[in-house]
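In this note's numbering, the protein residues as written are 1 to 177.
In what follows, a structure is listed as structure tokens, so that the remarks can point back to it.
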Amino acid sequence: CLVGSEMCIRDRAGAAPEGYSSGGMITKVQAAKIALGAGCHLALTEGHSLNPVRRLLEGGRCTWFAASANPRTARKRWIAGSLKSAGELVVDKGAENALAKGSSLLPAGVVKVTGRFDRGDLVTLRGADGTEIGRGLVAYSDEDARHIAGHKTGEIEEILGYRGRDEIIHRDDLALD
Numbered sequence: 001c002l003v004g005s006e007m008c009i010r011d012r013a014g015a016a017p018e019g020y021s022s023g024g025m026i027t028k029v030q031a032a033k034i035a036l037g038a039g040c041h042l043a044l045t046e047g048h049s050l051n052p053v054r055r056l057l058e059g060g061r062c063t064w065f066a067a068s069a070n071p072r073t074a075r076k077r078w079i080a081g082s083l084k085s086a087g088e089l090v091v092d093k094g095a096e097n098a099l100a101k102g103s104s105l106l107p108a109g110v111v112k113v114t115g116r117f118d119r120g121d122l123v124t125l126r127g128a129d130g131t132e133i134g135r136g137l138v139a140y141s142d143e144d145a146r147h148i149a150g151h152k153t154g155e156i157e158e159i160l161g162y163r164g165r166d167e168i169i170h171r172d173d174l175a176l177d
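Next comes the structure, spelled out in structure tokens:
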């Protein structure tokens, strides 16, 4: 079997012995896939001996798996495809152009808010023509987003009664199509 082939690993791995452990080799492979996808490098070492982490740090035998993405890229990939969208923000053409140049989404560029979501939830971004342009983690609930949509950042505190973030979605929390 080809080294590194997920199919090969799955075929050779087995489920955990019942009542014996908290996960078999397949569970470990799944965890490794998540870690690598998140931009974390991974060391696979024998764990039956005492202090496997210390042995690893002291140069003990292991197999290293290098992540294919850095943590920032991995985060964007996670935002783009791993979460269920709780709502939608429709943006005007000016905001769409600003987002394409790497800017954050400011309230002034939002023309419509739909769905029910809380701060930190994932929402889908749509252009004025309804086309999906990206996904992002919002800094405001749907209710607050509706209140500040179309308004300047300097008006947020007056409208909501508290000073929140300047942007509805920060560029670090945004993945464009």
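Think of the CB as a built atom: it goes at the ideal place given N, C-alpha and C, for glycine as much as any other residue.
Given the structure is predicted, the values throughout are model-derived calculations rather than measurements.
Assumed close pair residue i, residue j - CB separation to whole angstroms, cut-off 8 angstroms
i	j	result
Thr73	Gly39	7 angstroms
Cys62	Ala43	5 angstroms
Gly109	Ala95	2 angstroms
Ile98	Ala175	Before going on, a small fix: residue 98 reads as Ala here, not Ile. Rounded, the Cβ-Cβ distance is 16 angstroms, inconsistent with contact.
Val111	Asp142	That pair is no contact at about 15 angstroms.
Exposure label - residue i; buried when at least 16 CB within 10 Å
i	result
Ser104	buried
Arg135	buried
Leu137	buried
Tyr140	buried
Ala31	exposed
Lys33	exposed
Lys76	buried
Asp144	buried
Asp172	exposed
Beta-carbon contacts of residue i that lie in its chain and below 7 angstroms, excluding the five residues immediately before and after
i	result
Ala86	Gly115, Arg116, Phe117, Asp121, Leu122 and Val123
Glu46	Pro52
Ala165	Position check: residue 165 holds Arg in this sequence, whereas Ala was assumed. For Arg165, where only same-chain residues beyond five positions count, the Cβ hits under 7 angstroms are Ala139.
Asp177	Glu132, Ile133 and Gly134
Residues near residue i in its chain [Cβ-Cβ closer than 8 angstroms; skip 5 each side]
i	result
Arg126	Glu88, Leu89, Val90, Val91, Glu132 and Ile133
Ile159	His147, Ile148 and His151
Val3	Confidence in Val3 is poor, its pLDDT being 45 and thus under 50, which makes the residue's placement unreliable; the coordinate value appears in the next sentence. If we look at Val3 and ignore the five residues flanking it on each side, it has no Cβ neighbours.
Ile169	Leu89, Ser104, Leu105, Val123, Leu125, Gly136, Leu137, Val138 and Ala139
Ser49	Arg55
Contact set for residue i: own chain, Cβ-Cβ below 6 angstroms, skip 5 residues either direction
i	result
Tyr162	none
His41	Ala66 and Ala67
Lys93	Ala128
Ile156	Ile148 and Gly164
Trp64	Ala43
Write down every uninterrupted run of the alpha helix (DSSP H) in the stretch 22-47 whose length is 4 residues or greater and which is fully enclosed by it, in chain order.
-> 25-37
Starting from the N-terminal side, write out each stretch of the beta strand (DSSP E) that is 3 residues or longer and does not extend beyond the stretch 67-102.
-> 87-91
With a floor of 3 residues, list each beta strand (DSSP E) that falls wholly inside the stretch 100-130, ordered by position along the chain.
-> 110-115 and 122-126
For the stretch 124-170, which segments carrying the beta strand (DSSP E) assignment without a break, of at least 3 residues, lie completely within its bounds, in sequence order?
-> 132-137
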